[in-house]
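Trainee: One structure is given below, represented as structure tokens, and several questions about it will come after.
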Amino acid sequence: MPNDTRPEREQILIEHYQRMTPTEKLQQVAQMMEAIRQLQLAEIRQRYPDADERECFLRMASRWAPPHLLKKFLNWDVEERGY
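Note that the numbering used here numbers the sequence shown so that position 4 is 133, with each residue one more than the last.
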């Protein structure tokens, strides 16, 4: 993977991460996951402007859950309805 970060800056970042508590690290991961969720939801709403909240939820779930579980428990067929 290309790295556009200068080595001295990368070292500062590594040291910062090393000083973080496990709780702080988990909080940062949770914030990143929420940002990802918001971006995905925005993309779904852009692609499917007429989708209601349930459809948006199912399309979001289809990006995270195995298709066979979505079909079995939520009656959402990814092959038929898409992501």
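Glycine included, C-beta positions come from ideal geometry on N, C-alpha and C. For clarity, every value in this text was computed on a predicted model and none was experimentally measured.
#1: On the premise that Ile-173 lies in contact with Ala-164, defined as a C-beta separation below 8 Å, what is that separation, rounded to the nearest angstrom?
#2: Is it buried or exposed for Leu-142, if we count other Cβ within 10 angstroms and need 16 for buried?
#3: Give the DSSP-derived three-state secondary structure of Ala-171 in the structure shown.
#4: Please report the distance separating the alpha-carbon of Tyr-146 from that of Asn-204.
#5: CA-CA distance, Lys-201 and Met-162?
#6: If you draw a straight line from the alpha carbon of Gln-167 to that of Arg-135, how long is it in whole angstroms?
#7: Buried or exposed, going by whether 16 or more other CB atoms sit within 10 Å of the CB of Leu-187?
Mentor: Working from what's here:
#1: Ala-164 to Ile-173, Cβ: 15 Å. No contact.
#2: exposed
#3: helix
#4: 42 Å
#5: 26 Å
#6: 30 Å
#7: buried
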